[in-house]
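Engineer:
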Amino acid sequence: MSQEQKSPCIFCNIVNKLEDTEILYDDDFVCVFRDIKPASKFHILTVPKRHIEDARALTPNDFELVQKMLTVAKEMLTQNNYSIDDARFGYHWPPFRSVKHLHLHAIAPESEMGFLARMIFKKDSYWFVSPDYVASRL
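Taken in order, the sequence shown gives residues 23 to 160; the numbers are from the numbering used here.
1) Which residues in the same chain as residue 139 place their Cβ atom closer than 6 Å to its Cβ, once the five residues preceding and following it in sequence are excluded?
2) What residue ranges within the segment 63-89 form continuous beta strand (DSSP E) runs of no fewer than 3 residues, ordered along the chain?
3) Can you tell which of 75, 48, 111, 157 has its C-alpha closest to the C-alpha of residue 30?
4) Report yes if the C-beta distance between residue 124 and residue 37 is below 8 Å; otherwise report no.
5) Below 8 Å on the Cβ atoms is my guess for residue 127 versus residue 149; work out the distance and round it to an integer in Å.
6) Give the DSSP-derived three-state secondary structure of residue 94 in the structure shown.
7) Following the continuous beta strand (DSSP E) through residue 45, name the residue where it begins and the one where it ends.
8) Hey, could you find the ends of the beta strand (DSSP E) residue 165 is sitting in?
9) Just to confirm the assignment, what range does the beta strand (DSSP E) spanning residue 159 have?
The structure is reproduced here in structure tokens:
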């Protein structure tokens with residue numbers, strides 16, 4: 023695709039390989055890459071290839087996709103020698119998101135997150151919710 027055919031969505035461009043971003047995992051449904059502002063040593067984003075604006079836009083038909091996103095994120099942590107027990111997983115809840123394309127954060131080690139990162143990615147807050155919370159709403 024030419025430069026003119028890029029999407030206004032940076033994550034759509036990444037999954038379509040129109041950006042110079044290292045892809046850590048890629049299949050027919052999801053793509054994984056590093057967060058540009060890591061909150062710990064290993065901070066990845068798992069995004070669906072299909073553009074979904076955010077967690078609030080998910081429908082019951084997306085349940086398997088949400089489960090796959092979490093499974094892939096956990097596998098990526100394990101493959102990179104990080105413990106799932108010392109990791110934080112979650113979605114920023116609208117309107118508290120920087121990119122309007124659904125993405126699951128996986129951050130490890132959680133124990134090494136700084137104060138500001140712990141606030142931005144605060145568990146079960148108004149702005150950062152768990153994968154279980156998202157799945158329970160479908």
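Every residue gets a Cβ at the ideal spot worked out from N, C-alpha and C, and that includes glycine.
Structural biologist: Well, looking at it:
1) For the purposes of this step, residue 139 is taken as the residue at position 117 of the sequence shown. The answer, listed in chain order, is 61.
2) 64-70, all fully within the segment 63-89.
3) The residue labelled residue 30 in the question sits at position 8 within the sequence shown. Taking the Cα of residue 30 as reference, the smallest distance to any Cα among 75, 48, 111, 157 is reached at 75.
4) Within the sequence shown, numbered from 1, the residue matching residue 124 stands at position 102. Within the sequence shown, numbered from 1, the residue matching residue 37 stands at position 15. Result no, Cβ atoms of residue 124 and residue 37 do not sit closer than 8 Å.
5) Sequence index remark: in the sequence shown, residue 127 carries index 105 (1-based). Sequence index remark: in the sequence shown, residue 149 carries index 127 (1-based). The Cβ separation is near 12 Å, so there is no contact.
6) The residue you call residue 94 lines up with position 72 of the sequence shown. Collapsing the DSSP output to three states places residue 94 in a helix.
7) Counted from its first residue, the sequence shown places residue 45 at position 23. For residue 45, the enclosing beta strand (DSSP E) starts and ends at 45-48.
8) Nothing can be reported for residue 165: it is not among the residues displayed for the chain, which extend from 23 to 160.
9) Reading the sequence shown from its first residue, position 137 is the one you call residue 159. Per DSSP, residue 159 is not a residue of any beta strand (DSSP E), being assigned neither H nor E.
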